[in-house]
Structures are given as structure tokens and as C-alpha cells.
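Numbering (full-length UniProt numbering), first residue to last: 1 to 510.
Shown next as C-alpha cells:
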């Protein structure tokens, strides 16, 4: 089923007013907010001043011609008062027009913020801005990789983001009687299981102009799914007030999950039907040679039990038995080939995309288990030759195993997924912070039907190992008891893919 939204921002989020400069720094780092220019004289102001000056000059010239000095003084004063009144009236009219425009702008802003029918948040990210800028200037370009190994620093940075204001729809969404109850640190509503906060830092470092991502919020009724969107800062001062829109997609996600479940049920029914037809076909194909084997075996026994055994006929019966057995063996071999584990769609695929798709598929379950995912993939990793469905299933199995390993852990539950190029291969790693794996379990855990879980079938890791081996890769684990476990697997890059039929040992590399 196609995933409409994503946990990761789009690679096309940079527009003409964003991006990086020649030194690889985001453009906002070298921009300051434009200050309003001081008021200037306009042409109407100049004309009024000229008229007033002429009237005053004429009054000053006429005053000496009058014999009565007090009268002249009164004339000049009267003219000045009239001019002042006219100027004051023009000034008041100009101020009134500006106030009317200001009131209109305030009403428009209030309507946009309070009456749009969507939750809006006004947030202060200045601390994050300073931290991103410090890292960029120190040479750190990959924010995701940097914080993948520093989850506690990432949590501290999330606490530094402050919600300054929200609209009434956001307050209703969060079940707050007053929006003042929501103002404060962002991490009060953004749970620790959120995997998108670091993507904001990635977007800031890339100079993106737009951020859009799916995540979940913590409400009094429990976690809810949401789609965040925000226009990102264009200068340093814009970080003080980032407006974030919040669209509730909880019902949509529930409907999407129901549809996915329905698709799985349809696929399961199709598989059951196919297996029924396949079983009938196998039974039909095998029944004929088995019947021939029985008939020939009985005839051979009869020829041998005669008082005068007919060895020629008995020999012929044995030959017919062998022929029928070969036919039955051929049916079994064709069936195994049909049901083999060889990948059906081996094409070049992006490693980061495979990891992201797998995380999306289990995001809801990991969220319910209070697990945080941290992804560390380097830029420009080579593509690997893989069947995406099979590799995603391997990643899902390893992610869920890592999450279950931390069921009894108190405090943060972190899973780190890493991908690195290793010669002609790309090596992926899923690491947890659980109790680790003891040596005896390490020896047996890849064997079929071995499980440490109550009710577990013990086939997950065995199937994963078979799947990776079919791709020409290896799957192994390392662990220190008390310090968590790391599962590693590698795949050949597409440009150095193995010849068809080549296999590799699934044991740990030397």
C-alpha cells in the first residue's frame, strides 16, 4: 500500500529563497531581518511645506507695512495657528488611515491564526538555531548522523524549543481549557518516541524553505497522528517565531491501517487458495508415480515368491519402481523451486529509502512500545541490488526484536540504525540498549525453531539469514551482556553484484 505521508521531509523542499551559499552554509545564517526604513518626505509633504512657507513669507513681508505692530504680530500668529491646524489635521488624517490599515492587518492576522480551522503553533527555535550554526561552523554537516550517537543531547535540544502561542484549535486538539496551558517546552507534547525532531535540524542545515512531516503528539487521551508543515526561516531573526500548522490525520491513519489489513487478508486468502490448488496439483502429480511404485513393488514380490522365481520379471519391476521414484522426485524438486527463497525482483535500490520505508511500516508499533528510532546513514551511499520487500521484512524483524529486547528497560529506549559502505558492500546495523545476548543464545539463535520468546516460533532470524544469504549477503550479531545487542548484515552494491547463484556464508565475517 502506498504511503501518502512520510516521517522524513522531502528532498525537494529547497526553493529560490533557501539553500546553501558557496561555503556550504545555509543562507539564513548570513541574513538579518530587514529593518524598516526611516520615514521619508513624500511629494505631498513637500508641496504642503512649500505652500506653508510661501504663506509665512508673505505674512512676514506684509507685517512691516502695517503701522500697528501688535496687529502685525497677531496676523503672523494667526496665520501660523491656521497653518498648524491644517498640518495637524492632515497629520491626524494620515495617522487615522495608518491605524485603519493596522487594524485591518490585525483582524486579518487574527482570522488567519484563529479561524482557519487548523491547529497553529508559534514556536521559538533560537536555541536550536545557535546549536545548528555552531555545529556547521565546527565542520559537522550531517545532523542526523551526529545526533544518532548523542540521543540525550537531542532530547535536551528538544526541551529548549519553546511554544510561545497557539490558536484555539490547537488548544481544543490538546484538550486544554486555555491555550496558556500549552505554552512552554515543546517536549511536553512531542513524545520521546518521535523520530522527526532531528529532521528539523537536517532541514535547517540544508537551508530548506519548507518542512513537512508526519509524527504523533501526546494528548490527555493518548498519542494522535499529525501532519506538520512550516515555512522555515529565511534569516536569523525568523527563528524567534516559526509558525507550524498541525493537521490531525489520526482517522486517516486508522482508515489506512484498516485498508492495509484488508489487503493483507485478501492476499492471505489468495495464498490459501493458491496453496490449496498447489497441494491438489502436487497430490495429483505424486499420486501417479506412487501408485506405480506400489503396483510394481507388489508384482516384483509375486515374481520373487514363486516356486521358480522369475528374476527377469522381478528385475523389470525394480526398474519400473526406480523410474516412478525419479518422477516423484522431479515433482518435489519443481515444487521446491516454485517455493524457493530466491528474491523475485532484484533491482538497484537506495539503502536510506529501504530503511525509511521499514521504519514507517512499524512506526505505530514502536510508538506503542515507547521506542525511539535514530537513523545514521551517510550521504551518497551506493545503491544495492535487492528485493525491497524481502529487505524491509528483514529490517522489520530486527527492529521489532530490538524493541522487544528493551521491554523491561526503564528510561529511554533507543534503537540506532546505521548504514555504511564497506568496500564493495553496504553494511547495515540495528543496535538496541537491551540486556544483550548471552554466549549460549548467540550460538543457537539463528537455528530454525529456536526462540527465547514465550510462544515464539523461532523462525524469524532463520528466515532473515536465508533471505540475506539469497541476496549474496551475510547476517550476524555481536553483543556484550548488559550493553545491548547489534545485528549486522551486508549487501553487495549494485555495481559489484555477485554472479547469479553465488552464495555467501551467513556466519560473522572474519
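Where is the CB? At the ideal position from N, CA and C, for every residue including glycine. From a predicted model like this one, the values you see are computed outputs, not experimental measurements.
message: Check whether the region 100 to 119 and the region 159 to 172 are in contact - that is, three or more C-beta pairs closer than 8 Å.
response: yes
- request: Report the rounded CA-to-CA distance for residue 343 versus residue 469, giving the unit in angstroms.
  value: For residue 343, the predicted model reports a pLDDT of 45, less than 50, meaning its position is unreliable; a value from the coordinates is still stated below. Whole-angstrom Cα-Cα distance: 10 Å.
task: Go ahead and label residue 368 buried or exposed: buried means 16 or more other beta carbons lie within 10 angstroms of its beta carbon, across all protein chains shown.
output: exposed
message: Rounded to the nearest angstrom, what separates residue 30 and residue 146 at their Cα positions?
response: 23 Å
Beta carbon of residue 151 nearer than 8 Å to that of residue 414: yes
C-alpha gap between residue 420 and residue 428, whole angstroms: 7 Å
query: Can you round the beta-carbon distance between residue 491 and residue 425 to whole angstroms, since I take them to be within the 8 Å contact cut?
result: 6 Å
Residue from 131, 382, 221, 418 with nearest C-alpha to residue 399: 418
- request: Please name the residue or residues paired with residue 214 in a DSSP beta bridge.
  value: 227
- request: With distances taken Cα to Cα, identify the nearest neighbour of residue 466 among 482, 483, 447.
  value: 447
task: Drop a sphere of 10 angstroms on the beta-carbon of residue 263, count the other beta-carbons inside from all chains shown, and report buried for 16 or more, exposed for fewer.
output: exposed
message: So for residue 237, helix, strand or coil by DSSP?
response: helix
Proximity to residue 250 [Cα-Cα], best of 232, 216, 243: 216
field: Cβ neighbour criterion (16 or more within 10 Å) applied to residue 483
entry: exposed
- prompt: So the beta strand (DSSP E) residue 140 belongs to, where does it begin and stop?
  reply: It is not in any beta strand (DSSP E) - residue 140 carries neither H nor E in the DSSP assignment.
- prompt: Roughly how many angstroms lie between the CA atoms of residue 20 and residue 356, to the nearest whole one?
  reply: 25 Å
- request: Within 10 angstroms of the Cβ of residue 239, are there 16 or more other Cβ atoms? Answer buried if so, exposed if not.
  value: buried
message: Looking only at its chain, what residues have a beta carbon closer than 8 Å to the beta carbon of residue 192, apart from the 5 residues adjacent to it on each side?
response: 155, 370, 372, 412
message: Between which residues of its own chain and residue 310 is the CB-CB distance below 7 Å, once the five residues before and five after are set aside?
response: 303
task: State buried or exposed for residue 493, treating a residue as buried only when at least 16 other CB atoms are found within 10 Å of its CB.
output: buried
task: Output the distance between the C-alpha atoms of residue 219 and residue 172, rounded to the nearest integer angstrom.
output: 10 Å
query: Can you list the beta strand (DSSP E) stretches of 3 or more residues lying completely in the region 371 to 439, in chain order?
result: 372 to 377, 384 to 386, 414 to 422, 425 to 431
- prompt: Shortest alpha-carbon distance to residue 144 belongs to which of 389, 474, 377, 384?
  reply: 377
message: Please state whether the Cβ-Cβ distance between residue 348 and residue 380 is less than 8 Å.
response: no
message: Nearest by alpha-carbon distance to residue 430: which of 389, 423, 374 is it?
response: 374
Own chain residues within Cβ distance below 7 Å of residue 113, not counting five before or after: 120, 167
Distance between residue 125 and residue 397 (C-alpha atoms, nearest Å): 37 Å
query: What are the boundary residues of the beta strand (DSSP E) that includes residue 478?
result: 474 to 479
query: At what residues does the alpha helix (DSSP H) containing residue 361 begin and finish?
result: 351 to 368
message: Can you look up residue 26 in the DSSP assignment and give me helix, strand or coil?
response: strand
field: Sub-8 Å separation of residue 132 and residue 201 beta-carbons
entry: yes
- request: Consult DSSP for residue 323 and reduce its assignment to one of helix, strand or coil.
  value: helix
message: Classify residue 46: buried if its beta carbon has 16 or more other beta carbons within 10 angstroms, exposed otherwise.
response: exposed
Bridge partners - residue 347, DSSP secondary structure assignment: 386
- prompt: How many angstroms separate the CA atom of residue 138 from the CA atom of residue 236?
  reply: 18 Å
- prompt: Should residue 248 and residue 228 be called a contact, given that it needs their Cβ atoms to be closer than 8 Å?
  reply: no
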